[in-house]
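Under full-length UniProt numbering, the first residue of the sequence shown is numbered 1, with each subsequent residue one higher.
Data block below; observations after.
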Amino acid sequence: MPDSVKRAFEAYCSYCNYFGEYIPVYFVLGFFVDTIVERWWAQFLIIPWPDEIAMSLGAYTRGHSERVRIQRRTIMRYINLSLVLATYDMCSRAGLLFPNEFSLVSAGLATQEEVLLYFQSAPFQRPACYMEPCLWAQDVVLQMRAEGSIDSDRSVELLCKQITEFRNGLGIIRAYDLISVPLVYTQVATLTVYSYTISSLFAWQFLDPNKSVIGDKVDLYVPIFGLLRFVFYMGWIKVAESLINPFGEDQDDFDIDEIIERNLQVVIEQPESHRQNYMAEASRRASILGNELFLGSLTNVNINARRRRMSSIFRIELRWRKDQAFSGKVLVSTLLPPMPEFLLVNLLWHVLDDLSDSLCRVADLADCIRALHPDEAYQHAANEVCLRVGNLVESLNTDVDLYDAAVRAVHAQASSTPSPETQTDVVDKRVLNLFVEDFEQSGVHLKDTSDRQTFLKAASQNLELGVEFNRIANTPVTLNSTVLSSVSKNVDWGPFKGRSLYCPYYEAPQQFVRALSYALFFGPIEGQECRLVALLDARDKMAKAAGKKSFLYRAVQQTSLAESPEGVEHFLTTLSTLLSRTATRTALSQLGKDLKPQQESLRPWDVPFLIHLGQQCGGFERLQAFFSLGACMEGVSQLAHSLFGLRLEAEPALPGEVWHPDVVKVAAYTTESQVGVEGEEVHPWEAQYPIGPGVQVGTIYCDFFNRPGKLPTDCHYTVRGGRHTENTMFESHSPFQYPIVVLQLNLGPSPAPSRDGTPVLLTPGQVENLFHEWGHALHSVLGRTRYQHVTGTRCSTDLAELPSTLMEHFALDARVTAQYARHFQTGEAPNSDEDVKALFHLNASRGYGESVEVMLQLVHSVLDQRLHSDSPSKVLAPFHGPSSTSLPSALLFEKLLMEHCSPWLSTDLPSQLQHLPVATTHRFGHLCNYGGRYYSYLMARAAAGLIWHKGFAADPWSSDFGRRYRDTLLRHGGERRPQEMLSRLLNEDEVTADTRCLAAGLCEDVAIREESARVILTRMGNPSWNLVQ
């Protein structure tokens, strides 16, 4: 470097050393950091805490009633809701905990009505105010004063003042977020530090000491103390930058999510305001006990069972969130700490029901998501949740400590010296016994631990294989070159290649096309036979590890309508014997006459076509415009109102509440008091706080349209079951946790893209399916059980299918359709002679060929029973052929068809297709969810027929019998014996509801409907037949 350049550099360094001290870094940085730290600490101190309000509520409120306690909790819930609403959009941690308003509902901080009311309170084009729940809390305080729960105006003033101070704290926090540190202040501080640092880089340079340059006295070649000063100043500015917004996600930011969870626990652990006169108590003890040690006035106070139970569940929920490896052993120790025997009896079934409610919410919601959510990532995650929760449930069912506690509670119930603490009724005993039966079905009562391990392993395999078998069973057949060339290599299959076959073409008029599509669709699926055998083997191992004779004894329990596998066998055998002759006559003389070319017997692919052909001969096409989806939904609403006193209303969904825009949200409200007439059927809590008119008792989400990836099945999901719970009394004006149900149907493409405004028009089969699924939904909504474990459709399958099957009787009854069928363009009812004639035909035609349909369904039920009667190696052993390609399950099904339907049915394919194998069992998806219980459809059909003829056949709008049906059967779910409820509804003894009478009743009902269809359809073919409107 030239000497002149060195001198210039030295001069510049001296300049920086001299004038750099003029930069006010100490003042600017110190003042800036002091302001930021002071602001940061002030924001933390101003965060409002609900403890003072909770303590004041405990001090100023009077009474120990459930209503007072719920009012106190509601006030605290509103206070916490205000905190969340004030922080969730300004604090990223709170935003992650509550991503949208709907999450407030799922977290229990608000009801749907409160969220809607919150939005409605917003000014025009402005966001809603976080202080709204504080106003609600003050309203509750004023209401408690009016009811006498708060006995002085001064107490009301203090409580309202504390609520106002809480709101003021929220307002100050919002003000800090609204008015931040001026950006120019931050820029000045940063510029000061960086400019000082840059000038110091030159000022701290090592200069030649021989030249006597000002600033030559530097520390070293490496300016150590200068670097330390740089680290301190930069560290200071970084500290200020990290503290400037304490509501973020940095490690040093405020843990708002932890504060919210802590405050929620304050609500649960809120002081319960136990009031005692300590001096009087001490004097009494002193006079009675003499010289005994003073024990204290709270010695004999028992812990409130409900409070203790809710606290345990809350701790479990927090533990589940934070620890994915949360084990059943830890859960049991959390739920059931050591306690006296009398406390265990009065607490255990409530604890088990709370646990069942929590697990069912997760499992059923996950099951719904994996079937309906359009995003595959959600589907896979939900499937993983289903497997994990299923395994957790089975591990809990095999937990010895939990089982022993349940058995001890049962024995304590049966004690000869009952006490007030162990007082129970029939429902309590039945529910606890159901829990014990669930435990014993898992083999937990077995002493050998290896059997329990075998059960858990088999249960896990059953879950995984069941999901996979069902998924493949519902997969369409893709008509590719390999599949089509297996039929014939001499045919040009070009027009058919690439098409998907979702079911056989039963509507095709050509018999060969029907047979071809049947053979292709029900052809063997690679690996499905092995899955079926593995699934049956896993179920057999589960049952035998639990000490059961076979899986049937696990599937058909004493609590069902059939009550035992022997009852199912007796029902199916009796029905086959009684109905076989009717089905033979119908098939050969009624259906066979329409078959061209004529044959001696029908084929499985002919039956749906011939029944559909006979039902359509009256011309449903002229009526289809009257059966839009909206009109049919109106029919469901009219029935719910007339029979059960319910009002169904479509409501807008909250943001993020539904998984697809086509999903419609329907809320169910009462139109009258829902308390039953008979006193012994009304829970004391419901008698004290009856469900009045206008109370929401359920929410139903309707997913009715086709879309890619959606399973082509019709079903329902009870996402949340109803039950008696005082925790929602003040929130929903009902002593019950109202259910949430999802209905899944496939009624055609979405009408949203339609430009001409044509709605979805339903076929008769779709109308019946719609009413069927709504029967399930109404069963859940009308349940008024004490425990979630037995509410609504959470009962035996044969009982759960009864209300839905009964709704099918209403769907196309001419007296019902005349009220709801309306033309989608004109809004007029079908009132012309031709339209009325078509309605009569539509009603009668539903019985056409019904005996044949029932016999085919009976064969599938017998197949289900046979497959689960023993290990698959024994059941299928007689059907293993010499060829490795033989399909034993298909041969068994063919044998059963011949046993029950041989006089009128043959499974022979046309000669051109006889080389194609058929395996109908590979598509029998009901084996997964209805294993051992597929008979339930027929038994429910029989019971529904008895109820229809008893109360609705004469008048399908009968409000009196509808209320009686609601209060005697629907409201009790599974908490009573099905045969007992059915016999009481029918005003008959229980013999009327046994399996033989049910089979005889179904046979008689089918015969009557078929004869009615034959007579009416015959007369309608005569032009001279006149209708009397």
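Beta carbons are placed, not taken as given, at the ideal position from N, Cα and C, and that holds for glycine.
Model, not experiment: these values are computed from the prediction.
With a threshold of 16 other beta carbon atoms within 10 Å, residue 502 falls short and is exposed.
CA-to-CA, the gap between residue 254 and residue 91 works out to about 9 Å. In this structure residue 922 is buried. Its beta-carbon is surrounded by 16 or more other beta-carbon atoms within 10 angstroms. Residue 822 and residue 143 have their C-alpha atoms spaced approximately 48 Å apart. The region 799–819 makes no contact with the region 572–579: fewer than 3 CB pairs, one atom from each, lie closer than 8 Å. Residue 668 has 648 and 698 as its beta-bridge partners, per DSSP.
Beyond the five residues adjoining it in sequence on each side, residue 934 comes within less than 7 Å, by CB distance, of 860, 861, 864 and 926 in the same chain, given in chain order. Boundaries around residue 740 are those of the beta strand (DSSP E), 740–744, since no alpha helix (DSSP H) includes it. One thing to note: residue 625 has its Cβ no nearer than 8 Å to the Cβ of residue 465. In this structure, DSSP gives residue 180 a state outside helix and strand, which the three-state scheme calls coil. Fewer than three beta-carbon pairs drawn from the region 505–513 and the region 587–594 are found closer than 8 Å, and the two stretches are therefore not classed as touching.
As the crow flies, the alpha-carbon of residue 562 is around 30 Å from that of residue 447. Of the candidates 497, 540, 648 and 55, 55 places its Cα closest to the Cα of residue 159. For residue 716, the beta-bridge partners assigned by DSSP are 743. Shortest Cα-Cα distance from residue 898 to any of 941, 660 and 603 involves 603. In the displayed model, residue 245 falls within coil according to three-state DSSP, outside both helix and strand. For the pair residue 77 and residue 257, the CB atoms are not nearer than the 8 Å cut-off.
Within the same chain, 571, 574 and 575 come within 6 Å of residue 999 by CB-CB distance, once the 5 residues on both sides are set aside. Secondary structure of residue 504 (DSSP, three-state): coil. Under the DSSP definition of a beta bridge, residue 361 lacks any partner. When beta bridges are read from the DSSP output, residue 724 appears opposite 736. Secondary structure in the region 599–644: no beta strand (DSSP E) run of 3 residues or longer lies completely within the stretch. In this structure the region 952–959 does not lie against the region 530–541, because fewer than three pairs of beta carbons, one per stretch, are closer than 8 Å.
Under the DSSP definition of a beta bridge, residue 150 partners with 61. Cα atoms of residue 515 and residue 477: separation of roughly 15 Å, rounded to the nearest angstrom.
Excluding five sequence positions before and after residue 771, the CB atoms of its chain that fall closer than 7 Å to its own CB belong to 636, 807, 808, 810 and 811, given in chain order. Our two residues, residue 230 and residue 193, have alpha carbons roughly 9 Å apart in a direct line.
Ranked by Cα distance from residue 527, the options 548, 783 and 468 are led by 468.
Distances from the alpha-carbon of residue 643 to those of 763, 986, 965 and 150 put 965 closest. Contact between residue 780 and residue 742 does not hold, since their C-beta atoms are separated by about 11 Å, which reaches or exceeds 8 Å. DSSP, reduced to helix, strand and coil, places residue 703 within a strand of the structure shown.
Distance between residue 847 and residue 702, taken at the CA atoms: about 29 Å. Under the three-state reduction of DSSP, residue 477 is assigned to strand. Taking the Cα of residue 641 as reference, the smallest distance to any Cα among 667, 51, 664 and 671 is reached at 671. In this structure residue 917 touches residue 523 by the C-beta definition: roughly 7 Å separates them, less than 8 Å. Of the other Cβ atoms in all chains shown, 16 or more fall within 10 Å of the Cβ of residue 470; this residue is therefore buried.
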